[in-house]
Amino acid sequence: MPMFIGLPHGVSLPRNLAEPDARHLVTVLARTYQWTGPLFGRAEVEAYLHDQHDHPDNPSTLTLTDADWQRIRQTAAWRNLASTARRAVTAADTIGQALRQAGLRCAECDSPVTGPPTATWGLCPVCLNSADLAELQRRPCPAGDGETPHSWGDNACTNCAMPAPVIRPHLTAVVTAA
């Protein structure tokens, strides 16, 4: 069944682009332009059916016919899938987390941060002035990916230049012999 696909002027697709080829094309474009996000299609529905499958001896319920796929695509749930996914990303504050982990938003108050993470440690000037250094040292390194711990050198983190925690020797009281 031919589909009309609106593309920018000068861009064309082969006349018989199969779904697996289209999926591969989208994957390559996403990797090239650093896009991220789930891609929902027939393969995901079939994977869902496979995961929900109670009878492994019945493979017919694991594969969708073209008619089955058309019926699924015509449902309100399928038409709303993209907006449902967007709402889930918004509710989880995933983009906000990425902005804070990148040091573009303050990790405390969410205000904009200017300057590299090595200068701001992921905080705006107000929050940086009132920050507890020991607490900042326990957090992930602001020059990393948002989860990687600091890489402590002799005196500072080798990635963000935060001063290293002071290591104080533990002294033990020993009873003197009488």
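First residue of the sequence shown: 1, per this note's numbering; consecutive thereafter.
In this text, a Cβ means the ideal position worked out from N, Cα and C, and glycines have one as well.
By the Cβ test, the segment 114 to 122 is in contact with the segment 134 to 142, since at least three Cβ pairs between them sit closer than 8 Å.
Per DSSP, reduced to three states, the secondary structure at C157 is strand.
By the Cβ criterion, the segment 126 to 134 is in contact with the segment 101 to 111, since at least three pairs of Cβ atoms, one from each stretch, lie closer than 8 Å.
Straight-line measurement puts the Cα of R42 at about 15 Å from the Cα of L17. Beyond the five residues adjoining it in sequence on each side, A164 comes within less than 6 Å, by CB distance, of W152, N155, A156 in the same chain, given in chain order. In this model, T63 and L123 are separated by some 51 Å (Cα to Cα). Residue nearest to W35 within the set G10, E19, I95 is I95 (criterion: CA-CA distance). Its chain contains no residue whose beta carbon lies nearer than 6 Å to that of E19 once the 5 sequence neighbours on both sides are disregarded. Shown here, P112 sits in a strand according to DSSP, grouped into three states. The residue from V174, Q97, A177, A173 with its alpha-carbon nearest to that of D145 is Q97.
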